Amino acid sequence: MKKIFPFFLIILFVACQNEPSFEGIWLGNAYEMDKEVYVPIPRLMIANKDGSFNAYTIDQADSNWTNWEIKNKTLQIDTTKFDSAFYSFDQESFTFNGPFKAFFQRLAQAKPIDIKQFEQHLIQNTWESEFDQIEFKSDTDVIIKNKQTGYIEKACWGITLAEGHTFLIKKGNHIDCTGNYRFPELVISTDETQFKVKRWQNDSWKTITYNKVNSTTSDFLSEDFQLCNPYLYRGNPLHRYYYKGTFYKGGIYTINKLLNQFYKVPLNAKESGLIKVEFIVNCQGIPGRFSMMQFDEDYQLKEFSTEISEQIFEFTKSLKDWNAGQNDKKEAIDTYRFLTFRIKHGQVVEIFP
């Protein structure tokens, strides 16, 4: 037994060494808003061995340190305690199990990046990955084309050094460079024709490779319509069907008046039912991203003749005098909106929101 006892001590020591620790640098990845729907967490958490703790927006480091500890499986950060059901972590990842799951990634030892040279490679060039195409127009402006949806958005970009790590940051929108962060990207390698980053993509932490490509201006013709919040999501209770003051100037009365001037009842029209046109009104009061659903009088899906449906669709797109909605801070925001047209024998007899 005396010979076996030291062996068990060695096993116990190794097991303790392999047990994950909260100590480290954690990069915020994403909140899970719904199944397969994620929004960025552009934050760093630093948990030091001495029990000191800090958390800040990735390009806005601050010096407000507090403390952390894990005792009896309860994680305490400052005065807030999280029991073991609320969090989990291993050697690579950390998850908060709140109303919306929050995913963080442990950062390994930083790799040195020549930031000045990296910036020079990026500017005035176009780069493509399997997910998107990016053109860095200047030292602040970037245009991003989503290869899956085809949507093109304007934003701002920068390179920031935080906790020894180099990050490519994209944020803002076509109006300014405030907020609206995209998923933060950890730069892991770069040269004149290629660079690699790690970021949250779709539903996990991935390595993304960008290759330098030739492009023409037509590849990045900007859409007239731009979201102010690129992560607007109809499943979010804060976004979905809560107009927050979004309205048409003159109201339904004006919309009806304009429709009477626009819509021509087709000859011998006998169709009845409902046509619902859904769209987004952005923070500037500009409508876009239109879609249409058609129903019979029993609310079953149907298709009207194009003489009716195309007129309704084009009429809705022609409405330009929208007033943008607001959030609780009285800031203009993007909102979902829809108009429903009740059709009776080809005539529009009612419009309702």
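Take any residue in the sequence shown, note its place counting from 1, add 958, and you have its number in this note's numbering.
Glycine included, each C-beta is placed from N, C-alpha and C at the ideal position.
Just so it is clear, the structure is predicted and the values come from calculations on it, not from any experiment.
query: For residue 987, does the three-state DSSP call read helix, strand or coil?
result: In the three-state scheme derived from DSSP, where H, G and I count as helix and E and B as strand, residue 987 is classed as strand.
- request: Would you be able to state if there are at least three C-beta pairs under 8 Å between the region 1054–1071 and the region 1140–1155?
  value: Contact between the region 1140–1155 and the region 1054–1071 is present: three or more C-beta pairs spanning the two stretches fall below 8 Å.
query: On the three-state DSSP scale, how would you describe residue 994?
result: DSSP places residue 994 in coil when its eight states are reduced to three.
message: Spatial neighbours of residue 1173 within its chain, please: C-beta separation below 6 Å, excluding the five flanking residues on both sides.
response: Excluding sequence neighbours, residue 1173 sits near 1084.
query: What's the call for residue 1192, buried or exposed, on a 16-neighbour Cβ count within 10 Å?
result: It counts as exposed.
task: Could you name the residues that DSSP lists as bridge partners for residue 1147?
output: 1154.
field: Nearest-angstrom Cα separation, counted from residue 1304 out to residue 1139
entry: Straight-line Cα distance between these residues: approximately 47 Å.
- prompt: Less than 7 Å separating the beta-carbons of residue 1239 and residue 1280?
  reply: Against a cut-off of 7 Å, the Cβ pair of residue 1280 and residue 1239 comes out as a contact.
- request: Could you name the residues of the same chain whose beta carbon sits closer than 7 Å to that of residue 991, not counting the 5 residues immediately before and after it, in chain order?
  value: Contacts found: 997, 1058, 1191, 1193, 1194.
- prompt: Is residue 1309 close to chain D, meaning its C-beta is less than 7 Å from at least one C-beta of that chain?
  reply: Looking at the structure shown, chain D is missing, and only one protein chain is on hand.
message: Does residue 1022 come out as helix, strand or coil in the three-state DSSP assignment?
response: Of the three classes helix, strand and coil, the one that applies to residue 1022 here is coil, per DSSP.
- request: Use the C-beta contact count for residue 1126: other C-beta atoms within 10 angstroms, 16 or more gives buried, fewer gives exposed.
  value: Buried.
query: To the nearest whole angstrom, what separates the beta carbons of residue 1026 and residue 1035, a pair I think is in contact under 8 Å?
result: Correct: roughly 5 Å between the Cβ atoms.
Residue range of the unbroken beta strand (DSSP E) whose run includes residue 1252: Counted as a single uninterrupted DSSP element, the beta strand (DSSP E) harbouring residue 1252 occupies residues 1245–1253.
- prompt: Looking only at C-alpha atoms, which of 1088, 1242, 1162, 1121 sits nearest to residue 1170?
  reply: For the residues 1088, 1242, 1162, 1121, the minimum Cα distance to residue 1170 belongs to 1088.
field: Length of the line joining the Cα atoms of residue 1288 and residue 1225
entry: Taking the CA atoms as reference points, residue 1288 sits about 48 Å from residue 1225.
message: Once DSSP output is grouped into helix, strand and coil, what is the label at residue 1089?
response: Coil.
- prompt: Can you give, in chain order, each stretch of the alpha helix (DSSP H) that sits fully within the region 1216–1297 and has at least 4 residues?
  reply: Listed in chain order, the complete alpha helix (DSSP H) runs (minimum 4 residues) inside the region 1216–1297 are 1264–1276.
query: Shortest alpha-carbon distance to residue 1233 belongs to which of 1296, 1203, 1285?
result: Measuring from the Cα of residue 1233, the nearest candidate turns out to be 1296.
- prompt: CA-CA distance, residue 969 and residue 1043?
  reply: The pLDDT assigned to residue 969 is 45, lower than 50, so where the model puts this residue is not dependable; a value taken from the coordinates is nonetheless given after this. About 28 Å.
task: Would you grab the beta carbon distance between residue 980 and residue 1061 for me? Rounded to a whole angstrom, and I think it's under 8 Å.
output: Not a contact, Cβ separation roughly 15 Å.
Residue range of the beta strand (DSSP E) that includes residue 1074: Following the DSSP letters along the chain, one finds residue 1074 in no beta strand (DSSP E) but inside the alpha helix (DSSP H) bounded by residues 1073–1080.
- prompt: What three-state label does DSSP hand residue 1214 in the structure shown?
  reply: It is helical.
field: Which of helix, strand or coil DSSP assigns to residue 1316
entry: Residue 1316 lies beyond the stretch modelled for the chain, which goes from 959 to 1311, so this question has no answer here.
message: Quick check on this structure: which residue in 1143, 1021, 1300, 1308 has the alpha carbon closest to the alpha carbon of residue 1063?
response: The shortest Cα separation from residue 1063 among 1143, 1021, 1300, 1308 belongs to 1143.
- request: Keeping to the same chain, check which residues put their C-beta closer than 8 Å to that of residue 1009; ignore five residues upstream and five downstream.
  value: The answer, listed in chain order, is 1025, 1026, 1027.
First through last residue of the beta strand (DSSP E) which encompasses residue 1126: Note, residue 1126: beta strand (DSSP E), 1123–1129.
- prompt: Sorted by chain position, which residues of the same chain lie with C-beta nearer than 8 Å to residue 1207's C-beta, five sequence neighbours on each side aside?
  reply: 1279, 1280, 1281.
Buried/exposed call for residue 1029, threshold 16 Cβ in 10 Å: Exposed, since its Cβ has fewer than 16 Cβ neighbours within 10 Å.
task: Alpha carbon to alpha carbon, how far is residue 1113 from residue 1259? Give it in angstroms, no decimals.
output: If I take the Cα positions, the gap works out to 39 Å.
- prompt: At which residues does the beta strand (DSSP E) containing residue 1169 begin and terminate?
  reply: Following the DSSP letters along the chain, one finds residue 1169 inside the beta strand (DSSP E) bounded by residues 1162–1171.
- request: Give the secondary structure of residue 1052 by DSSP, where H, G and I count as helix, E and B as strand, and everything else as coil.
  value: In the three-state scheme derived from DSSP, where H, G and I count as helix and E and B as strand, residue 1052 is classed as strand.
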